[in-house]
Structure formats: structure tokens, C-alpha cells
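Colleague:
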């Protein structure tokens, strides 16, 4: 039988590869899995790849791309068969680092909306916070149930060429992608049972139970089964699959704005048996669309009067409104100081060094070293607006320089990070090649403790040499294993 | 259950059933022109398909474009009356209430949509009609079986099935009405009685009833017994009476804390008994009888909408 050959693997100089060493070959963590793939042969491997793709399509784990004729073509979020493996030892450090970071950020948000000690002590400048369009003045003086703002957080990590993990950014509003983690595992299980039989991999299927447990722990009324719902913008939203998946997994109602109404400062949902009170809303819509009485007046996605119910303590909202200023990329640069301030500890996972363009000293450095840096808008997600300056022409560089000078508050700069690479199957070329990856972790902060989903979502940049892993920019994902005995 | 979700589940059932009927009507009617005695006129067959499915097409012209009509009925996303649109709506209604369905059921509905959506137009209009419509029917059987096998037989299950059975009766009545119109046209054009009787055979085939009917009535005259069989048979799954009984028993499965429970039981019970205690002789003009029943079904649809979805 013809064998899969992993020779001629394209190492990228200056980058760490997760799977292979240039001299020693396959790393010990990956030996078993690569042996299994090798034993399959190219034809069976391709068949497996096709069958997994079909499973994604049949399950509707897709997003629609609209052409000029306005007809949606459904595409799957590309999934790569070769899993990313993290040793338990390394994972335990990541887990501690993520918990530490989220605890500190949560304390920071609550402080900013209440006592503002960190501002008075001149650790973080007030104007940087208040100039964020995601700072919500209406939240001043309000502490959510159990003081939790960041119930669900996503932390994006990369492994740099020095072998260490760094935090690239925090997602404290509506981090998405967790459904892919769970479905990647489920579909791999379905199609490739033999691999899972021989490995002890930390499970990811607990996530929805943990999510519901967390929601119950922060419910307004301490009843046995508080009524929790997931609020979605609707089925045309690109993350709708995830919304319906999570609602189904938790066995809760998936509601839209129109399904809810406010009466006498309580929130109710319209059901076939009449109005039923809602205790906790896991909202997957942005702050500015939550309540047309307070935010965007044109919003049809939210619920009129919702914020009033929230402030009166009659409903809890997950995540708390107003978190967005804290995942502003300029604030992210302060997180090591924030951790030190609230917890008295050094960060377990370092930040990617960040230059804040609104700071005149940093701005000067950025302008002098622009060609070596990566420029990012402070408030955009999905890889949009990211400029890797050593890939730009002189003319393009001039535009970036002008933009940064015109509105320095809007930008931060970071050195180009050497995201590690991972062996990835390139379907068009029927070969295995190194592609850059990152890792999004998911943490749930409940009244009792913080749960971190083992492994998280490994995103892979499928374009050769690309450092942008976001799905909107041609990225895919991998099943991510944390091996128990490693 | 959320009122919006109940509405979506109901319409998921209705569109699912509609897609099945459209496919079967088109298949049987189209191929009937090749089996008919004295070779049935092609334009007559195509007009019948246009009339029954409700696609927009100028039927006055003498040059009906067979491939164009077939394509409009089958795969035209722009036509609200096409099989494609029914399947699309089945899937969208399922998608918007996906968290109430079993994963198996959602996967089947989604696979059904993917089959229709990826079926090649050119192949469909030249050689693929039989294969396509057969597959549509097969998908529908599988999905309905999955509804019964994977859902708890309570409210979600009941509301989907309510949609299925209401749509089925509507489609049966529309089929009878359409075939009665065909028979009228044939008699106006002095076509022979054999061809008129053949329309009843076609009707039975459209309603999945032909083989069972033959076994049941043993070579009796189709025109005299077909309507009886379709209207009043107590246990045949495509008879009006059987489906009304199903609806009545579904009403009883709607939990009694739901506000519309009592009204639905009363209305469906009354309608079931009205048909149950009508004799063949009392039917009189079959077309009028069908029209009246269609009005009753429309009222039932309004009742369900008012009581559960608004």
C-alpha cells in the first residue's frame, strides 16, 4: 500500500514548528498520531478528509457567502485533520495564566465602573478608558451579581520563536468559536474512532454543562432551575450556528429580540403558554443593540427596557454590558500592570509587547520603526485592519503613517510575532505543509470558580506564509488535544 | 415553547409535506402522458402541472416550453411555488428552531436541502426529473420517520405533525380539484371516457393510493370508487378522514396548559366528525365538497396561528 510521506516538509526558518524539529524529526508528542496517519495511505487519508467535510456540510456547520446574484453559497469553516497537541504540563501553565488574567481584568472592569482606584493611583489613564467607544457610562456605579463582568472570555495566544506563549488579545464581549471546538472533536470522533481509543485526551464536551452551571450560579433568583435564554440576532448572523448549537446543548430557549418583552421591570418571553419570566440572558448581540431605549435607537435586535431591568437586579446579562473598553487593544497593553495592581502577582503569560500610539513616546518609536511593526486598530476584531508593515509598499506605508498620525488613539503597534507553524494538510496540493497557528482559550467565570475549556480553538492560517488566522481572512481550525499523560 | 419557534416548527412541517406532494404530483402527472391511452396531449399535462403547483406561467400560449416548466416547478429559487422553495423554507424553519430538534433530524433536513440545492439544472430538465422527484420523496419519508423516532411525542412533535397533516389534507384536496378540472376539460373537448377514467388512476397514483386501492376494490370502476377511497377510508394514510382523525388526536397531545388546547380539540373534533358522518351520496358535487373542506382547513390554520403563534 502507498504510504503518506512527511518528508520534504517545508520548515519556515525563524519559526518554531509544533510537530517537527528540523534535525530530530517528529516531536515525541506527535509520533503516535503521525504513525497512524502514515498507516492510512494517501487514498484513505483523502477519503477521511472528504467524509469529514461532508459531515460539516450535512450538519450545517457552515457560513453563507453572498455573490453578486445575492444567492448564498454555503461554505464550511475549513477543518484540518491533523490535530494540535498540547502537553498537560504546558496546558496547566496556560490554564493558570488565563485564570489569573481574567480574574484581574474582571476586578479592573468593576473598579473602573465603581471606585476607580486604579485610575486614582495613576496605573491606567482615565481618558484612555473613557475615550473607548465601548465604555458605557450608564454602567457607572453598578456591580453585577457576584461582581462578575467577564463571565465568558476568550484569550488569544501565540507561541513565539522563543518557545513561549504570549497573549495577543483578549475577547471580553462575545468571544465566538467554541462550537467549532466541540464539533471538531465530535466529528473527528465519528470519523476516526481508532485514534481516540488509544489516547487519553481531556474532554471538551463538558463545556455546555459548565456554561449552564455558570449561568445558574449568577441567576437573579436562587430558584432551582432559573430560566436562562440565549439571545441571538437571528439566523442570518454569521455565528448563528454557534448560537443554536449552544442553546441546544444546554437545553435552553434560543430567543430573538422580538421574543422578549419587558413588563414592570421584569423580562418575559412570549410562549405558547403565555409570558414566562427570564432570569439570565446570554446575549450574543453587541452592547449597542441591547436596548433601543438606552443605546442604538434603531436597533431591532434588542429588547426595549432591558437595561432598566438589569440595573434593578431583575435579570442578569452575560457578559455584562460595557466590557468592551477592557479588550480595547490599547488597554490590553496595561494588563500586566493590572494583574500586578489587583493580584500582586507577575503575569504567568506575558503580553505581546505593545506600543500605544496615543502615548507620544510610543508614537515616536512607532513612526521611527514603522516598517518593522504590525499596526492594529484598537477596536476591530476578525483580523480586520491589521497591517503587517514589512509586507507593505512604500506608498501603503505612507498611508498607514498618515492614519496613525491623524488618529493615534485608534492604533497600537506590536513587533511582528513569529507565530509557530503546524503541519497542515493542503487539499489543493495534496501535501502536508507548515502553516501558522494561534490558540483561543475559553474561560467561564462563575460564582464559585473559573473553568477553562481544555485546549480551546486552534486557528490555522491556510494561506502560505500568512500570519492572519481569522476565519474571515481564510483561516481554518484544528482539533486541539491536551494529552493526559504528557 | 416560544410562540415564534412553534410557528417555525408548524411551517417546517407544512413545507416538508408540500415539497413531497409537489414532487409526486409533477412526477406522476408528467410521466402519465407517456402511459395514457391514445397518447394524452402534452400541453394538457403541462397545464395541469402549472395549475396544480401554482407556478407563474402563461398557459394560454400553444407553445408551452416543457423544460422551462419542469425547471420552474423543480428548482427555481425565485418561484414561491417550486419544490426548491418548499425545501428551502423547510430548512430555514428548522434552522430557526434547531435547538428544539434532535441532531439527527436537523442533519436529515439539512441533507435534504443540500441534495435539492446541488441538483444540476441541466440534468434535471432533460433527464433528471424521475431521479430528483424519487429522491425528494425518499428524503421526506426519512425525515418524517426521524420526526417520529427521535422526538418525544409531546408539543414539538405535535406541532410539526399538525403542520404535516394540515398540509397533506390541503394537498389532497387540491389534487382532487385539479384532476376534476382536467376531467372537465377532457369532457368539453369530447375526449373519450377511457382517458377521463385514466385521470382517476393518475389521481390515485399521485396520492400513493393506486396499488392499495386495486387490492382493496378488486378491479372495480375507478371513477365510482376512487373518490370514496380518498375521502372516507378510515385507515389509509392518504385519505382525508384518516388525516382528520390524526389532527384530532394531535390536538389532544398539545399540553392542556397551552392556551389554545381546548379550542383546537373542539374545532378538529367537529371537523373530523363532519366528514366521518358524511356519506358518499351526501357529498354531491365533489368539487364543491372539496372547496368547502379547503375553507375549513384554512379556518383551522387561522385558529392554530391565533392560539399558538400570536
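Residue numbers (the numbering used here), protein chains in the order written: chain P, 1 to 486; chain S, 487 to 796.
Cβ atoms here follow ideal geometry from the backbone N, Cα and C, with glycine treated the same way.
All values derive from a computational prediction rather than experimental measurement.
1) In chain order, which continuous runs of the alpha helix (DSSP H) of length 4 or greater are located wholly inside the region 77-156 of chain P?
2) Which value, in whole angstroms, describes the spacing of the CA atoms of residue 257 of chain P and residue 559 of chain S?
3) Assuming residue 329 of chain P and residue 378 of chain P form a contact by the criterion Cβ under 8 Å, report the distance between their Cβ atoms to the nearest whole angstrom.
4) Does the Cβ of residue 781 of chain S have 16 or more other Cβ atoms within 10 Å, making it buried, or fewer, making it exposed?
5) Quick one: complete beta strand (DSSP E) runs, 3+ long, within the region 365-443 of chain P?
6) What are the partner residues of residue 450 of chain P, as DSSP defines its beta bridges?
7) For a contact meaning CB atoms closer than 7 Å, what does residue 593 of chain S contact in chain P?
8) So what's residue 193 of chain P in DSSP terms, helix, strand or just coil?
9) Comparing the C-beta of residue 255 of chain P with each C-beta of chain S, is any distance below 8 Å?
10) Starting from residue 167 of chain P and walking both ways along the alpha helix (DSSP H), at which residues does that stretch end?
11) What residues in its chain sit with their C-beta under 7 Å from that of residue 467 of chain P, if we drop five residues either side in the sequence?
12) Hey, quick one: how far does the alpha helix (DSSP H) through residue 755 of chain S stretch, first residue to last?
13) Please work out which residues of its chain come closer than 7 Å, Cβ to Cβ, to residue 504 of chain S, disregarding the five sequence neighbours upstream and downstream, and give them in chain order.
14) Please name the residues in the region 590-617 of chain S whose beta-carbon is closer than 9 Å to at least one beta-carbon of chain P, in chain order.
15) Count Cβ pairs between the region 615-626 of chain S and the region 507-515 of chain S that sit closer than 8 Å; are there 3 or more?
16) Would you mind listing the alpha helix (DSSP H) stretches within the region 12-77 of chain P that are 4+ residues and don't spill past its ends, in chain order?
17) Among the candidates S:786, S:593 and S:754, whose CA atom is the shortest distance from the CA of residue 738 of chain S?
18) Compile a chain-ordered list of the residues in the region 266-295 of chain P whose CB is closer than 8 Å to at least one CB of chain S.
19) From the DSSP output, which residues share a beta bridge with residue 475 of chain P?
20) Using 8 Å as the threshold, is the C-beta distance between residue 527 of chain P and residue 584 of chain S below it?
21) Per DSSP, what are the beta-bridge partners of residue 274 of chain P in this structure?
22) Less than 8 Å separating the beta-carbons of residue 366 of chain P and residue 413 of chain P?
23) Does residue 574 of chain S come out as helix, strand or coil in the three-state DSSP assignment?
24) Could you pull the DSSP bridge partners for residue 480 of chain P from this structure?
25) Based on Cα-Cα distance, which residue from P:42, P:35 and P:74 lies nearest to residue 53 of chain P?
26) Given a cut-off of 8 Å on the beta-carbon distance, is the pair residue 86 of chain P and residue 76 of chain P in contact?
27) Would you mind telling me which residues of chain P sit closer than 8 Å to residue 794 of chain S, beta carbon to beta carbon, in chain order?
28) For the candidate residues P:89, P:464, P:456 and P:231, whose alpha-carbon lies nearest to that of residue 207 of chain P?
29) Would you kindly work out how many angstroms separate the C-alpha atoms of residue 772 of chain S and residue 697 of chain S, rounded to a whole number?
30) Check residue 794 of chain S in the structure and name its three-state DSSP category.
31) Does any C-beta atom of chain P lie closer than 8 Å to the C-beta of residue 748 of chain S?
32) Let me check understanding here. Comparing Cα to Cα, which of P:316, P:242, P:233 and P:294 lies closest to residue 216 of chain P?
33) Does DSSP put residue 159 of chain P in a helix, a strand or coil?
34) Enumerated in chain order, which unbroken segments of the alpha helix (DSSP H) with a length of 4 residues or greater are wholly contained in the region 504-546 of chain S?
35) Do you know whose CA, among P:271, P:411, P:385 and P:269, lies nearest residue 362 of chain P's CA?
Modeller: According to the structure shown:
1) Those alpha helix (DSSP H) runs which fall completely within the region 77-156 of chain P and span 4+ residues are 88-113, 117-120 and 126-130.
2) The residue you call residue 257 of chain P lines up with position 257 of the first chain. The residue you call residue 559 of chain S lines up with position 73 of the second chain. Taking the straight line joining both Cα atoms gives about 36 Å.
3) The residue you call residue 329 of chain P lines up with position 329 of the first chain. The residue you call residue 378 of chain P lines up with position 378 of the first chain. Between residue 378 of chain P and residue 329 of chain P the Cβ distance is about 4 Å, and since that is below 8 Å, they are a contact.
4) Counted from its first residue, the second chain places residue 781 of chain S at position 295. So residue 781 of chain S ends up on the exposed side.
5) 373-377, 411-415 and 421-426
6) The residue you call residue 450 of chain P lines up with position 450 of the first chain. Under DSSP, residue 450 of chain P shares a beta bridge with P:445.
7) As a position in the second chain, residue 593 of chain S is number 107, starting the count at 1. Simply 58 and 59.
8) As a working note, residue 193 of chain P is residue 193 in the first chain. Note: residue 193 of chain P maps to helix in three-state DSSP.
9) Locating residue 255 of chain P in the first chain gives position 255, where the first residue counts as 1. Cβ-Cβ to chain S under 8 Å: yes for residue 255 of chain P.
10) Numbered from 1 along the first chain, position 167 holds the residue referred to as residue 167 of chain P. Unbroken run through residue 167 of chain P is the beta strand (DSSP E), 165-171; no alpha helix (DSSP H).
11) On the first chain, position 467 is the one that residue 467 of chain P refers to. Cβ within range, chain order: 388, 419, 436 and 461.
12) The count along the second chain starts at 1 and reaches residue 755 of chain S at position 269. Looking at the DSSP string, the run of the alpha helix (DSSP H) that includes residue 755 of chain S is 747-762.
13) Position 18 of the second chain, counted from the start, is the residue given in the question as residue 504 of chain S. Excluding positions up to five away in sequence, the list reads 572, 653 and 657.
14) 592, 593, 594, 595, 596, 597, 599, 600 and 603
15) yes
16) 31-40 and 42-58
17) Your numbering for residue 738 of chain S matches position 252 in the second chain. Ranking the options by Cα distance to residue 738 of chain S, first place goes to S:754.
18) Cβ contacts with chain S: 269, 270, 271, 272, 273 and 274.
19) Here residue 475 of chain P is taken as the residue at index 475 of the first chain, counted from 1. Looking at the DSSP assignment, residue 475 of chain P forms a beta bridge with P:461.
20) Outside the modelled stretch of chain P, which goes from 1 to 486, sits residue 527 of chain P, for which no answer is possible.
21) Counted from its first residue, the first chain places residue 274 of chain P at position 274. Note: residue 274 of chain P sits in a beta bridge opposite P:271.
22) Translated into positions along the first chain, residue 366 of chain P becomes position 366. Translated into positions along the first chain, residue 413 of chain P becomes position 413. Contact flag set, yes.
23) What you label residue 574 of chain S is simply residue 88 of the second chain in a count that begins at 1. In the structure shown, residue 574 of chain S sits in a helix (DSSP, three-state: H, G or I).
24) For the purposes of this step, residue 480 of chain P is identified with residue 480 of the first chain, where counting begins at 1. DSSP output for residue 480 of chain P lists P:84 as bridge partner(s).
25) Locating residue 53 of chain P in the first chain gives position 53, where the first residue counts as 1. Cα-wise, what sits closest to residue 53 of chain P is P:74.
26) For the purposes of this step, residue 86 of chain P is taken as the residue at position 86 of the first chain. For the purposes of this step, residue 76 of chain P is taken as the residue at position 76 of the first chain. No.
27) Looking up residue 794 of chain S in the second chain gives position 308. Result: 272.
28) On the first chain, residue 207 of chain P is found 207 positions in, with the first residue counted as 1. Among P:89, P:464, P:456 and P:231, the Cα nearest to that of residue 207 of chain P belongs to P:456.
29) Against the second chain, residue 772 of chain S aligns to sequence position 286. Against the second chain, residue 697 of chain S aligns to sequence position 211. Answer to the nearest angstrom: the Cα atoms are 23 Å apart.
30) As a position in the second chain, residue 794 of chain S is number 308, starting the count at 1. Three-state result, residue 794 of chain S: helix.
31) Within the second chain, numbered from 1, the residue matching residue 748 of chain S stands at position 262. Taking Cβ atoms only, chain P never reaches closer than 8 Å to residue 748 of chain S, which makes this a no.
32) Counted from its first residue, the first chain places residue 216 of chain P at position 216. Nearest of P:316, P:242, P:233 and P:294 to residue 216 of chain P, Cα basis: P:316.
33) Here residue 159 of chain P refers to the residue found at position 159 of the first chain. Strand, per DSSP.
34) 528-539
35) Here residue 362 of chain P corresponds to residue number 362 of the first chain, with the count starting at 1. With distances taken between Cα atoms, residue 362 of chain P lies closest to P:411.
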